[in-house]
Amino acid sequence: MAAVAIQIENLTKDYPFGFLHLKKKRSLEGLTMQVEDGEVFGFLGPNGAGKSTTIKLLAGLIFPTAGTAHILGKPISDISMHQDIGYLPEQPYFYDYLTAAELLDYFAQIHNLKATDRRERVDRMLKKVGLETARKIQLRKYSKGMLQRVGLAQAILHDPKVVILDEPMSGLDPLGRREVRDIILELKKEGRTILFSTHILSDAEMLCDRVGVIAGGKLRGVGAPDEIVGIKAHGMEILFELPGDKAGASGATALLSKATRTGNRYRMHIEEAELYATLEQLKNVGARILSVTQVKASLEEFFMGLISADRARAAAVDVHGK
Amino acid sequence: MSRVGVVALNTFREAVRDRVLYNLVFFALLLMAAAVFVGQISIGIEQIVIVNLGLSAISVIGLLMAVFIGVGLVSKEMDKRTLYALLAKPVRRWEFLLGKFGGLLLTLTINTAAMAAGLYVALFYVKHSIERADGVALVAIYFILLKLALVVALALLFSCYTTPLLAILFTSGLYVAGLFVKEMRGLHSDTMAPAVQTLLRWLSYILPNFENFDVMASAAHGHHIPGALIAQNTAYAALYCAIVLAAAVTIFSRRDMK
Amino acid sequence: MLCCLLFPGFAGVWQLQEKIDTQLDGMHQEADDLVLRSGKLLKVMSLEYAPLMADMYWTRVVQYYGDKAVRHDPDLELLWPLLDVTTTLDPHLLVAYRFGSMFLSESAPRGAGRPDLGIQLIQRGIQANPDYWRLYEDLGFIYYFELHDYNKAGAAFLEGSKNPQALPWMKVLAAKVSEQGDNPETSEFLWNEIYTSTKDPQMKENAATHLQLLKADADCKAIDALSDDFEKKNSRRPSSIRELVTAGLLRGVPADPMGNAYVLDSTGKAQLDPESPLGKKKRFYSKTLSNLANQH
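Residue numbers (the numbering used here), protein chains in the order written: chain A, 26 to 347; chain B, 12 to 269; chain C, 882 to 1177.
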């Protein structure tokens, strides 16, 4: 049985709101789950689902209303636990007038690293996230992508066993996202445990060993990525190319009516059972097959399903009394 | 170095790189130069005007910095989320707060020292000598620093739980109220209920008494300030700051980030 | 392009400003006023910066008085309120008490003609600064010169002499004044003290003039004595000072402290030449408020 890096028991968080803070909004309810040593765990969920809340609870930024959590055996209220975790906040922002090197040095001092150790670490981190050349520039001049990279650097500066990232890919261009993905994979190779939150399914699929789905403050399911979402496969999609003269041939018209067309390219959606038959037909009319992909339910549809189910349940409660 | 010291130094570095600070200090030095001219309007009071204007400038500019930067110490970091990464590290909340307090106090001390130097340069320029009686101004400047420490502590406290605007209002309000504490204590009236009078009396002791630190007239006229007062004021400032900071730590230690 | 505009532009502005100033001066009605007269209110409003405000108000006092003096304007109505505010804001501004008491007490047009206010100011000053013995000197001064109350004057000098830092003449003067009352020697001594001890130019100039006038008085008395001798010898008053010179009673025509010759008036008494600078000053210094009222 694999060792448990993060253990969460019945974690609950209420936020007071309204005049005089008398009303409460429950943003996380009874979360119970585990993250195993050395795995990459993705927190999936729509905005406001409770992902950020959970992560902030683990990082010690907010305090639980009920429940407990342990990281590497230490409770989250223990300050020494923080030496073993690295945290990247959502949309990080740092001190305007410090340079990247100064910021990392500052954080390294907080982590009690010795002076010589610090210099070496800071240099290594800057190189790792690709900010070597920008190390003397003040952070207020950094672009969003650069800030994200500084954030990553400060999260792993002190060699933590557990790394917690809040929406690490948000707001980045494709190149930036690829770089972050690469760094996460590298961290995994180094044997660290990684927990990150996202609402982008493809990122989760590519990186995570396991995925936890949160919506409406509750955990909806934990498992490998395809287990969760890919269940409802909606058939197959074929992308093919057919020059105009061949399209005019008889037999082709019936086939092509099922497809949407852009210029010479066609996109066709069919049931999985019909796949080979359709391919044979296309071969006969001389079409050039470009791609065949499985159509999955999008995460969006999945979440919408969850939310509408939630709403229906809530409405039912109202109708039948409290 | 302890974590408090690390945070303090970093706060200092961040404050010192903000250009606004230099403008303020430059402005103060400009005022000292102006004082030299103003004093010439009436013979014999050049020195008095330089000390009065100089001390006033140091006080006002110091207060501006203490209030506006002090209020931003926590609330700005919470707003901009610079705090998030730091609090996830092995640093206790009280270490963070004390470090912020220390850092701003260090900044204020250095700025005040710069302005004080300007004041003495102006004095020397006018008098062509510095006498023992001129040392009283140094005591007045020290008292201003004590006052600023108290204001920073208050600003920090409010910064921990209200918006920056409200924190500025509360801190400024307490400063002004703290100047009239003695009047409050001596307020008698036949029409006032004894309960109200007792309440006012209690308030007058609980509110921070900023009048304690006002020795501008003595400094201007070279009147000696007894060592006992210096010791008492230092103790008062230290104790009151400790109380305010303890309250701030208590509030901040339980506060959820946004 | 901008440089071409700057210089002629500001030259034009300067010229225009001078024209506007002349216009406004012509239109200008006497309208100086002190809006806030309550020293206590101002002290509250000044928060901790009262001594600085005191300096500002003191500057105003100096300018107010100087302006009125230059224009020979006897209306010094605002002097007391301004001094009241100044000394409430900073009770230790000694020069305010000294200057204030002098120019409040002196009769118009060179002062406000209010010795009572002068005394009130000095007493406030003594209360706030009991160790500054010169305030007692100023108190005695007022009683001596303006109120001619020699007992009170002597008492003030005596009180001040008790201060270990007081100069020894305070005690001497206390006795002298109580015994003899008004005395040119004493007057000269007191004005000289003011002249040497003050740094304020207006006070110094005032004291200097008083000393000159006292000297002129003494000189004229001496000349009159010689005229009496002349009368004894020649059974008539001399018609001019020249006659005294010719008669060998004077070596030359004596000059006043400013260098102008004395003359004889219609009654044969020596006096300052009315057209000489010192003579003109004497007329100014002798006018009292009632005289001024009569002239209007």
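Quick reminder that beta carbons are idealized off the backbone N, C-alpha and C, glycines included.
Under a three-way DSSP split, which group does T123 (chain B) fall into? As a working note, residue 123 (chain B) is residue 112 in the second sequence. DSSP places T123 (chain B) in helix when its eight states are reduced to three.
Sort out for me which residues DSSP pairs G111 (chain A) with in a bridge. Position 86 of the first sequence holds residue 111 (chain A). Paired residue(s): A:V188.
Leaving out five residues before and five after E54 (chain A) in sequence, what residues of the same chain have Cβ atoms less than 7 Å from its Cβ? Counted from its first residue, the first sequence places residue 54 (chain A) at position 29. Only residues of its own chain outside the window of five on either side were considered, and among them T37, G242 and K243 have a CB closer than 7 Å to the CB of E54 (chain A), listed in chain order.
Terminal residues of the beta strand (DSSP E) in which S52 (chain A) lies: For the purposes of this step, residue 52 (chain A) is taken as residue 27 along the first sequence, with counting starting at 1. Membership of S52 (chain A) in the beta strand (DSSP E) is indicated by the continuous run K48 to E61.
Opening and closing residue of the beta strand (DSSP E) in which L915 (chain C) lies: Position 34 of the third sequence, counting from 1, holds the residue named residue 915 (chain C). Counting along the chain, L915 (chain C) falls outside any beta strand (DSSP E), and DSSP gives it neither H nor E.
Using the C-alpha atoms, what's the distance from S1147 (chain C) back to E1179 (chain C)? This structure gives no information on residue 1179 (chain C), because the portion of chain C shown stretches from 882 to 1177.
Status (buried if at least 16 other CB within 10 Å, exposed otherwise) for Q173 (chain A): The count along the first sequence starts at 1 and reaches residue 173 (chain A) at position 148. Buried, since its Cβ has 16 or more Cβ neighbours within 10 Å.
Please list, in chain order, the chain A residues whose beta carbon lies closer than 8 Å to that of M268 (chain B). Here residue 268 (chain B) refers to the residue found at position 257 of the second sequence. Near M268 (chain B) (Cβ distances below 8 Å), the residues of chain A are K81, L86 and I87.
Which residues in chain B have a C-beta closer than 8 Å to the C-beta of S105 (chain A)? List them in chain order. Locating residue 105 (chain A) in the first sequence gives position 80, counting from the first residue. In chain order: P101.
Once DSSP output is grouped into helix, strand and coil, what is the label at V966 (chain C)? Position 85 of the third sequence holds residue 966 (chain C). It is helical.
Please confirm whether L218 (chain B) and G189 (chain B) have their CB atoms less than 8 Å apart. Numbered from 1 along the second sequence, position 207 holds the residue referred to as residue 218 (chain B). Numbered from 1 along the second sequence, position 178 holds the residue referred to as residue 189 (chain B). Contact: yes.
Assuming F119 (chain A) and T93 (chain B) are in contact, meaning their beta carbons sit under 8 Å apart, how far apart are those beta carbons, in whole angstroms? Residue numbering aside, residue 119 (chain A) sits at position 94 when the first sequence is read from its first letter. Residue numbering aside, residue 93 (chain B) sits at position 82 when the second sequence is read from its first letter. Here F119 (chain A) really is in contact with T93 (chain B); their C-beta atoms are around 6 Å apart, less than 8 Å.
Look up D39 (chain A) in the DSSP assignment and give the residues it is bridged to. On the first sequence, position 14 is the one that residue 39 (chain A) refers to. Bridge pairing for D39 (chain A): A:R51 [DSSP].
In chain order, what residues of the region 63 to 79 of chain B put their CB closer than 9 Å to some CB of chain C? Listed in sequence order: N63, L64, L66, S67, S70 and V71.
Just curious, the beta strand (DSSP E) that I219 (chain A) is in, first and last residue? By 1-based counting over the first sequence, the position of residue 219 (chain A) is 194. Per DSSP, I219 (chain A) belongs to the beta strand (DSSP E) from T218 to T223.
Report the three-state DSSP secondary structure of V85 (chain B) (helix, strand or coil). Locating residue 85 (chain B) in the second sequence gives position 74, counting from the first residue. V85 (chain B) falls in the helix class under three-state DSSP.
Taking the alpha carbon of G92 (chain A) as the reference point, which residue from A:D109, A:E305 and A:I101 has its own alpha carbon closest? For the purposes of this step, residue 92 (chain A) is taken as the residue at position 67 of the first sequence. Residue A:I101 holds the alpha-carbon nearest to the alpha-carbon of G92 (chain A) among A:D109, A:E305 and A:I101.
On the three-pair Cβ rule with 8 Å, is the region 959 to 970 of chain C touching the region 921 to 939 of chain C? Flag = yes, the region 959 to 970 of chain C and the region 921 to 939 of chain C touch.
Going by DSSP in three states, Q1001 (chain C) sits in which element: helix, strand or coil? Numbered from 1 along the third sequence, position 120 holds the residue referred to as residue 1001 (chain C). Reduced to three states, the DSSP call for Q1001 (chain C) is helix.
Hey, how far is the Cα of Y1166 (chain C) from the Cα of F1022 (chain C)? In the third sequence, residue 1166 (chain C) corresponds to position 285, counting from 1. In the third sequence, residue 1022 (chain C) corresponds to position 141, counting from 1. So the alpha carbons of these two residues sit roughly 17 Å apart.
Given 8 Å as the limit, is there contact between the region 204 to 218 of chain B and the region 230 to 240 of chain B, that is, 3 or more CB pairs closer than that? With the cut-off at 8 Å, the region 204 to 218 of chain B and the region 230 to 240 of chain B do not touch.
Whether or not the region 110 to 119 of chain B and the region 60 to 71 of chain B are in contact is what I'm after, with contact meaning three or more pairs of Cβ atoms, one per stretch, closer than 8 Å; do they touch? Put simply, the region 60 to 71 of chain B does not touch the region 110 to 119 of chain B. Fewer than three CB pairs are less than 8 Å apart.
Tell me, please, whether the CB atom of L108 (chain B) is closer than 8 Å to any CB atom in chain A? For the purposes of this step, residue 108 (chain B) is taken as residue 97 along the second sequence, with counting starting at 1. For L108 (chain B), the answer is no, since every Cβ of chain A falls outside 8 Å of its Cβ.
Given a threshold of 16 other Cβ atoms within 10 Å of its Cβ, counted over all protein chains shown, does G83 (chain B) qualify as buried or as exposed? Looking up residue 83 (chain B) in the second sequence gives position 72. When all chains shown are included, G83 (chain B) counts as buried.
Which runs of the beta strand (DSSP E) spanning at least 3 residues fall entirely within the region 236 to 295 of chain A, listed in chain order? Runs found: 243 to 248, 258 to 266, 284 to 287 and 290 to 295.
Could you pull the start and end residues of the alpha helix (DSSP H) that H232 (chain B) belongs to? The residue labelled residue 232 (chain B) in the question sits at position 221 within the second sequence. Where H232 (chain B) is concerned, the enclosing alpha helix (DSSP H) stretches over M227 to H232.
What residues of chain C sit near H235 (chain B), judged by a beta carbon separation below 7 Å? Position 224 of the second sequence holds residue 235 (chain B). Within chain C, no residue comes near H235 (chain B); the closest Cβ sits about 12 Å away, beyond 7 Å.
Rounded C-alpha distance that separates L156 (chain A) from S86 (chain B): Taking the first sequence and counting its residues from 1, the one referred to as residue 156 (chain A) is at position 131. Taking the second sequence and counting its residues from 1, the one referred to as residue 86 (chain B) is at position 75. Using only the alpha carbons, I get a separation of about 29 Å.
By Cβ distance below 6 Å, which residues in the same chain neighbour R104 (chain B) in space, the five residues on each side in sequence not counted? As a first step, residue 104 (chain B) must be located in the second sequence, where it is residue number 93. Leaving aside the five residues that flank R104 (chain B) on each side, the residues in its chain whose CB is nearer than 6 Å to its CB run, in chain order, F263 and S264.
Which same chain residues end up closer than 8 Å to H953 (chain C) when comparing Cβ atoms and leaving out the 5 residues on each side of it in sequence? The count along the third sequence starts at 1 and reaches residue 953 (chain C) at position 72. Close CB contacts of H953 (chain C) within its chain, under the 8 Å cut and outside five residues either way in sequence, are with P990 and F1165 (chain order).
Return the CA-CA distance between F984 (chain C) and T174 (chain B), expressed in angstroms with no decimal places. Within the third sequence, numbered from 1, the residue matching residue 984 (chain C) stands at position 103. Within the second sequence, numbered from 1, the residue matching residue 174 (chain B) stands at position 163. A direct Cα-to-Cα measurement between F984 (chain C) and T174 (chain B) gives close to 56 Å.
Classify H183 (chain A): buried if its beta carbon has 16 or more other beta carbons within 10 angstroms, exposed otherwise. Here the question's residue 183 (chain A) lines up with position 158 in the first sequence. Buried, by the Cβ-count rule.
Nearest to L1107 (chain C) by CA position, among C:T1127, C:R995 and C:A1056, is which residue? On the third sequence, position 226 is the one that residue 1107 (chain C) refers to. If we check each option's Cα against that of L1107 (chain C), C:T1127 comes out closest.
A178 (chain A) versus H107 (chain A) - alpha carbon distance: Translated into the one-based positions of the first sequence, residue 178 (chain A) becomes position 153. Translated into the one-based positions of the first sequence, residue 107 (chain A) becomes position 82. Taking the straight line joining both Cα atoms gives about 16 Å.
Quick check: L271 (chain A) and V310 (chain A), are their CB atoms within less than 8 Å of each other? Your numbering for residue 271 (chain A) matches position 246 in the first sequence. Your numbering for residue 310 (chain A) matches position 285 in the first sequence. Checking the sequence shown, residue 271 (chain A) turns out to be Lys, not Leu. Between K271 (chain A) and V310 (chain A), the C-beta spacing is below 8 Å.
Bridge partner(s) assigned by DSSP for A1099 (chain C): Along the third sequence, one-based indexing puts residue 1099 (chain C) at 218. DSSP output for A1099 (chain C) lists no bridge partner at all.
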